[in-house]
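Chemist: Positions 3 to 210 (the working numbering) are the ones given, in order, by the sequence shown. C-beta: ideal position from N, C-alpha, C; glycine also. Structure provided below as structure tokens; questions to follow.
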Amino acid sequence: MKILFDFLPIALFFGMFKYAEGNREWAAAVATDWLGFMVAGGAVGPAEAPVLLATVVVIVATLGQILWLKMAGKKVDTMLWVSLGLVTLLGGATIYFHSESFIKWKPTVLYWVMGAALLVGQLVFKKNGIKSMMGAQMNLPDAVWQRVNLSWVGFFAVMGVLNLWVAFNFSTSTWVNFKLFGGIGLMFVFVAVQAVYLNKYIKPDSAP
């Protein structure tokens, strides 16, 4: 359930972009009416309107996630705050400058921030971020936890590079498809492979 909640802004970004891409004149008119005061020149053209509208949707959706968690009395993960900051900063630049390049950097920066947090935590603070999140669900040797943590660091690093490669070598529509299906698909594949690897190391809890 949580993973669906986490990917909700991406799904809404995808849905808005695809609808606006198929209705570019409508998208340009709506973007100009609603976003004209925020963009350089005051007008949005059909070419950039889909990604601008999708960017507004993902900013609002991310903010909505935080507000919902706050109202429900639940903790807001640090990375969700980071995501809101990045999508607001880079999304705002995308809207103002009519340039999709800024929002295309957002997934990469977020991947690299998460990877850096795990790496610095392990090497500098001697704290294993993955163990902190999953240690209550499984019992693994410390050496294995370190390898798991570093494997996530590598995964986030690769995903950041892959996002940039797709973003700036293919069409925006292809990048939007990759952002949703590629990102989620590769995440599931990575988790599945890791689960197979970890299975042989899992220690059953001792009987009382």
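Measuring only the C-alpha atoms, how far is residue 38 from residue 102?
Modeler: By one-based count along the sequence shown, residue 38 stands at place 36. By one-based count along the sequence shown, residue 102 stands at place 100. Looking at the two C-alpha atoms, the distance is approximately 16 Å.
Chemist: Among 60, 82 and 79, which has the Cα closest to the Cα of residue 94?
Modeler: Here residue 94 refers to the residue found at position 92 when the sequence shown is read from its first residue. Comparing Cα-Cα distances from residue 94 to each of 60, 82 and 79, the minimum goes to 60.
Chemist: Assuming residue 97 and residue 57 make a contact with CB atoms under 8 Å, what is their CB distance in whole Å?
Modeler: Locating residue 97 in the sequence shown gives position 95, where the first residue counts as 1. Locating residue 57 in the sequence shown gives position 55, where the first residue counts as 1. Correct: roughly 6 Å between the Cβ atoms.
Chemist: Which value, in whole angstroms, describes the spacing of the CA atoms of residue 126 and residue 26?
Modeler: Reading the sequence shown from its first residue, position 124 is the one you call residue 126. Reading the sequence shown from its first residue, position 24 is the one you call residue 26. Rounded to the nearest angstrom, the two C-alpha atoms are 50 Å apart.
Chemist: So, at 6 Å on beta carbons, what are the nonlocal neighbours of residue 33 in its own chain, with the 5 sequence-adjacent residues on each side left out?
Modeler: Position 31 of the sequence shown, counted from the start, is the residue given in the question as residue 33. The answer, listed in chain order, is 46, 51, 54 and 55.
Chemist: With C-beta atoms as the reference, is residue 159 less than 9 Å away from residue 99?
Modeler: Counting from 1 along the sequence shown, the entry for residue 159 is found at position 157. Counting from 1 along the sequence shown, the entry for residue 99 is found at position 97. Taking 9 Å as the Cβ cut-off, residue 159 and residue 99 do not qualify as a contacting pair.
Chemist: Hey, residue 169 and residue 110: beta-carbon distance below 9 Å or not?
Modeler: For the purposes of this step, residue 169 is identified with residue 167 of the sequence shown, where counting begins at 1. For the purposes of this step, residue 110 is identified with residue 108 of the sequence shown, where counting begins at 1. Yes, they are a contact pair.
Chemist: Using the C-alpha atoms, what's the distance from residue 144 back to residue 92?
Modeler: The residue given as residue 92 occupies position 90 in the sequence shown. The residue given as residue 144 occupies position 142 in the sequence shown. Cα-Cα distance, rounded: 38 Å.
Chemist: Using a 10 Å radius around the Cβ and a threshold of 16 neighbouring Cβ atoms, would you call residue 113 buried or exposed?
Modeler: Along the sequence shown, read from residue 1 onward, the residue named residue 113 stands at position 111. Using a 10 angstroms sphere on the CB of residue 113, the tally of other CB atoms reaches 16 or more, which defines it as buried.
Chemist: Please report the straight-line C-alpha distance between residue 130 and residue 123, rounded to a whole angstrom.
Modeler: By 1-based counting over the sequence shown, the position of residue 130 is 128. By 1-based counting over the sequence shown, the position of residue 123 is 121. Distance between the alpha carbons of residue 130 and residue 123 is about 6 Å.
Chemist: Going straight from the alpha carbon of residue 48 to that of residue 185, what length do you get?
Modeler: For the purposes of this step, residue 48 is taken as the residue at position 46 of the sequence shown. For the purposes of this step, residue 185 is taken as the residue at position 183 of the sequence shown. Distance between the alpha carbons of residue 48 and residue 185 is about 27 Å.
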